[in-house]
Amino acid sequence: MHPPVARRSLLPWRTLVVVLGFALLVALLSIDRIHLWLRDLLATAEPVIATYPVWGGVAFVLVSALSAMLAFLSSALLVPVAVYSWGATTTVILLWLGWWIGGACAFAIGRLLRRPLVKSARAERLVLFYGERLPRNAQFPLVLVLQLALPSEVPGYLCGLLGVRFTTYASALLLAELPYAVGTVMVGQGLIERRAGMLMAAIAAGLALSLGAVWLLRRWVHR
Numbered sequence: 001m002h003p004p005v006a007r008r009s010l011l012p013w014r015t016l017v018v019v020l021g022f023a024l025l026v027a028l029l030s031i032d033r034i035h036l037w038l039r040d041l042l043a044t045a046e047p048v049i050a051t052y053p054v055w056g057g058v059a060f061v062l063v064s065a066l067s068a069m070l071a072f073l074s075s076a077l078l079v080p081v082a083v084y085s086w087g088a089t090t091t092v093i094l095l096w097l098g099w100w101i102g103g104a105c106a107f108a109i110g111r112l113l114r115r116p117l118v119k120s121a122r123a124e125r126l127v128l129f130y131g132e133r134l135p136r137n138a139q140f141p142l143v144l145v146l147q148l149a150l151p152s153e154v155p156g157y158l159c160g161l162l163g164v165r166f167t168t169y170a171s172a173l174l175l176a177e178l179p180y181a182v183g184t185v186m187v188g189q190g191l192i193e194r195r196a197g198m199l200m201a202a203i204a205a206g207l208a209l210s211l212g213a214v215w216l217l218r219r220w221v222h223r
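Here it is as structure tokens:
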């Protein structure tokens with residue numbers, strides 16, 4: 001029986017990560033010495049990016065793409081540097097593009113190799129669980145919920161395995177990643193500018209969106 005595995009893989013880990021991340025950000029925001037160190041670090045990185053703006057943007061997009069495919073890699077740590085150097089709007093666009101490219105590559109790998117790029121026990125459990133219970137050639141609403149609810153390294157592989165049309169998956173991916181990209185950049189901006197309200201709003205909205213999508217996905221599976 002797979003349902004207990006799915007429950008453990010969705011709500012607890014994601015809620016725990018968000019809560020711990022929120023506590024860490026608030027702690028960083030409240031300590032002057034750490035905040036000054038962060039600002040100095042960002043100021044040091046800015047001239048490097050200014051010297052190589054194109055390659056810096058390409059590198060950021062590539063890291064973002066890889067983070068959408070690999071569970072152990074995250075582009076979130078680079079977001080404050082990007083916001084400090086390029087501004088919030090450009091960072092959202094680059095992050096959104098990188099995540100979309102990563103999701104599209106994951107879809108192609110799932111369609112061609114029939115497995116995730118890197119072996120991950122959590123990803124394999126989720127792909128097995130939902131691959132057995134969701135319909136082949138799933139339509140846009142279900143694909144959108146999958147993209148919002150599951151860890152970022154899973155939906156592309158899963159949709160590739162299920163035979164979802166690429167246009168359906170690509171459009172759902174484009175829509176689903178936008179609020180997360182905006183929220184991630186808001187967190188980075190709030191951390192740089194010491195705006196606790198922005199941090200709280202972005203994290204709360206992301207958590208609500210994620211948990212709402214998990215609830216919808218569970219209803220879909222039980223149905």
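In terms of the working numbering, the sequence shown is residues 1 to 223.
Backbone N, C-alpha and C define an ideal beta-carbon position, used for all residues, glycine too.
{"query": "Which listed residue (Thr-90, Val-79 and Glu-153) has its alpha carbon closest to that of Gly-103", "result": "Glu-153"}
{"query": "8 Å Cβ cutoff met for Gly-98 and Gly-160", "result": "no"}
{"query": "Val-185 and Thr-91 closer than 8 Å at C-beta", "result": "yes"}
{"query": "Reference Ala-76, options Met-69, Gly-87, Ala-106 and Ser-64, closest by Cα", "result": "Ser-64"}
{"query": "Counted within 10 angstroms of its Cβ, other Cβ atoms place Pro-4 as buried (16 or more) or exposed", "result": "Note on Pro-4: pLDDT 35, under 50, position unreliable in the model; the coordinate value appears next. When all chains shown are included, Pro-4 counts as exposed."}
{"query": "Glu-224, buried or exposed, once every other Cβ within 10 Å from all chains shown has been counted against 16", "result": "Outside the displayed range of the chain (1 to 223) lies residue 224, so it cannot be described from this structure."}
{"query": "Inter-residue Cα distance where the pair is Glu-124 and Pro-155", "result": "11 Å"}
{"query": "Identity of the residue in Met-69, Ile-49 and Leu-178 nearest Leu-78 by Cα", "result": "Ile-49"}
{"query": "Cβ-based neighbour list, Trp-86, same chain, cut-off 7 Å, excluding 5 preceding and 5 following", "result": "none"}
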